[in-house]
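*Asks:* Before we start, here is the structure in question, set down as structure tokens.
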Amino acid sequence: MAGGGVSQFEELLDRLSEKARGDYYNPYTRFDWPASVPEDEWWMSPEFLSVHGTGVEWDEARLKRLAGRETVNFFSLNVHGIRELMIEVARRIHTPGFARYSDFLHHFLGEENEHMWFFAEFCDRYGGGVYPELPALPMDGGFPGRWADVAVFARIVIFEEIVDYLNSRMGRDGRLPPILRELNAVHHHDESRHVAFGKQFVKHLFDQAAEDDADGTRRAGLETYLKRYMTYSVNTLYNPRAYRDAGIPEPMAVRRAAMAHPARAAFHSKLLARVDKFFVANQIFASPWGGAGDADDE
Ligand SMILES: [Fe+2]
Ligand SMILES: [Fe+2]
């Protein structure tokens, strides 16, 4: 990769580490945890429910119950997703190829540990606990060497983009009780740094790995794997257990019907539009994953 690119990336790293130092907060005292969170309020913005736009004719009480359970699902996905990414980052920090990034990666690991804590804390206090992990694809995609690094950090960016799409909007939604607005907003604040780092880091790792891929086979394999992970990730938003716990009959049928609805495909492509565009623009993808969804930069 060109020397100019490296130094720009290194400047970004230093700036983000500096910002992380300035933004540092104590997560254990940061939030006012109320005695309870009213169940007749929207714990999640109704337009982010997994059945939104699919024409279900449910009353508001049922939709609010589902919002509560899908909040527990969303936060549980965060807990498990963070646990996995921390393992992979911890494997690499201070090893030869990653020494230059270790300072930022310390902030990253520290912040993710705190995020995992507050998401789990919410589920434990008000939601009856964290939902169990859903079966997942192997984190490094089974790729060798530098391609495994690209796969890991590309997955982290995909995961963080989905979460941040929702956090950034729900952090500003006045219908949500204050504790839920706060958790979403605080997470969004930290994640804006992670996403800025993550994309440039993936580009940097990819450019390095691509030096050993004259016929493009690895790149094509990576594209297939990441697209599978994108599909897997949006599918985890439809958890049959959340439907069941919300008292909805036939949760598996509800899941299937919701997932197959065209309105949902449009939403999925919106969730991942920015990262999909990023992969195409940097030749990591030969074609977009999600079709025509436009980046939404609000
Ligand atoms: Fe996080
Ligand atoms: Fe993050």
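In the UniProt record's numbering, the protein residues as written are 1 to 298.
Cβ atoms here follow ideal geometry from the backbone N, Cα and C, with glycine treated the same way.
Compute the beta-carbon to beta-carbon distance between residue 194 and residue 23, rounded to the nearest angstrom, for a pair I have assumed lies under 8 Å.
*Replies:* No, residue 194 and residue 23 are not in contact; Cβ-Cβ is about 12 Å, not under 8 Å.
*Asks:* How would you label residue 171, buried or exposed, when you count the other beta carbons within 10 angstroms and need 16 or more for buried?
*Replies:* When all chains shown are included, residue 171 counts as buried.
*Asks:* Am I right that residue 152 and residue 164 are in contact with their C-beta atoms under 8 Å? What's the rounded C-beta distance?
*Replies:* Residue 152 to residue 164, Cβ: 18 Å. No contact.
*Asks:* Does residue 225 come out as helix, strand or coil in the three-state DSSP assignment?
*Replies:* Three-state DSSP puts residue 225 in a helix.
*Asks:* Might you give, ordered along the chain, the residues of its own chain that have their beta carbon closer than 8 Å to the beta carbon of residue 261, omitting 5 neighbours on each side?
*Replies:* These residues qualify, in order along the chain: 53, 54, 55.
*Asks:* Flag residue 94 as yes when its Cβ comes closer than 6 Å to any non-hydrogen atom of ligand 1, and as no otherwise.
*Replies:* No.
*Asks:* Can you list every residue whose CB sits closer than 7 Å to some heavy atom of ligand 2, going in chain order?
*Replies:* Those satisfying the condition are, in chain order, 108, 111, 112, 115, 160, 190, 191, 194.
*Asks:* Whose C-alpha, out of 212, 101, 149, 248, is nearest the C-alpha of residue 59?
*Replies:* Residue 248 is the option with its Cα nearest to residue 59.
*Asks:* Apart from the five residues on each side of it in sequence, which residues of its chain come closer than 7 Å, Cβ to Cβ, to residue 120?
*Replies:* For residue 120, where only same-chain residues beyond five positions count, the Cβ hits under 7 Å are 79, 130.
*Asks:* Please report how far the alpha carbon of residue 285 lies from the alpha carbon of residue 113, in whole angstroms.
*Replies:* Computed Cα separation, rounded: 31 Å.
*Asks:* Who are the near neighbours of residue 65 in its chain, counting only those whose CB is closer than 8 Å to its CB and skipping five residues on each side?
*Replies:* Around residue 65: 39, 246, 247.
*Asks:* Three Cβ pairs or more, each shorter than 8 Å: is that satisfied between the segment 25 to 44 and the segment 180 to 189?
*Replies:* Yes, the segment 25 to 44 touches the segment 180 to 189.
*Asks:* Work out the CA separation of residue 134 and residue 126 for me, nearest whole Å.
*Replies:* Approximately 21 Å between the Cα atoms of the pair.
*Asks:* Measure the beta-carbon distance from residue 241 to residue 45 and round it to whole angstroms, keeping in mind my assumption that it falls under 8 Å.
*Replies:* That belief does not hold up - the Cβ atoms of residue 241 and residue 45 are roughly 21 Å apart, past 8 Å.
*Asks:* Taking three-plus beta-carbon pairs below 8 Å as touching, is the segment 10 to 25 in contact with the segment 98 to 115?
*Replies:* Yes: the two stretches touch, three or more of their Cβ pairs being nearer than 8 Å.
*Asks:* Rounded to a whole number of angstroms, what is the C-alpha to C-alpha distance between residue 296 and residue 274?
*Replies:* Confidence is the limiting factor: at residue 296 the pLDDT is only 38, short of 50, which leaves the residue's position unreliable, though a coordinate-based value still follows. If I take the Cα positions, the gap works out to 7 Å.
*Asks:* For a test of the three-state rule: what should DSSP assign to residue 285, helix, strand or coil?
*Replies:* Looking at residue 285 - three-state DSSP - the assignment turns out to be coil, as it is neither helix nor strand.
*Asks:* Can you tell me whether residue 116 is buried or exposed? The criterion is at least 16 other CB atoms within 10 Å of its CB, across all chains shown.
*Replies:* Buried is the call here.
*Asks:* Find out if the Cβ-Cβ distance for the pair residue 227, residue 282 is shorter than 7 Å.
*Replies:* Not a contact, by the Cβ cut-off of 7 Å.
*Asks:* Would you mind giving the Cβ-Cβ distance between residue 17 and residue 107, rounded to the nearest angstrom? I have them listed as a contact below 8 Å.
*Replies:* 6 Å between Cβ atoms; contact.
*Asks:* Using a threshold of 7 Å, state whether the C-beta atoms of residue 236 and residue 77 are closer than that.
*Replies:* Yes.
*Asks:* Do residue 36 and residue 238 have their CB atoms nearer than 7 Å?
*Replies:* Contact flag unset, no.
*Asks:* Assuming residue 81 and residue 159 are in contact, meaning their beta carbons sit under 8 Å apart, how far apart are those beta carbons, in whole angstroms?
*Replies:* Indeed they touch by this definition, with Cβ atoms about 5 Å apart.
*Asks:* Helix, strand or coil for residue 28 per DSSP?
*Replies:* Here residue 28 sits in helix by DSSP.
*Asks:* Looking at C-alpha atoms only, which residue of 61, 156, 149 is the closest neighbour of residue 208?
*Replies:* Ranking 61, 156, 149 by Cα distance to residue 208 puts 149 first.
*Asks:* Short of 6 Å in beta carbon distance, which residues of its chain neighbour residue 278, apart from the five on each side in sequence? Order them along the chain.
*Replies:* 199, listed in sequence order.
*Asks:* Please return the same chain residues whose Cβ sits closer than 7 Å to the Cβ of residue 173, not counting the five positions on each side in sequence.
*Replies:* 45, 181, listed in sequence order.
*Asks:* Given residue 252, which residues of its chain have a CB within under 8 Å of its CB, disregarding the five upstream and five downstream residues?
*Replies:* The answer, listed in chain order, is 240.
*Asks:* Relative to the C-alpha of residue 218, which residue among 250, 146, 161 is closest?
*Replies:* Of the listed residues, the one whose Cα sits closest to residue 218 is 146.
*Asks:* Is residue 26 buried or exposed, if buried means 16 or more other CB atoms sit within 10 Å of its CB?
*Replies:* Result: exposed.
*Asks:* Rounded to a whole number of angstroms, what is the C-alpha to C-alpha distance between residue 290 and residue 271?
*Replies:* Taking the straight line joining both Cα atoms gives about 10 Å.
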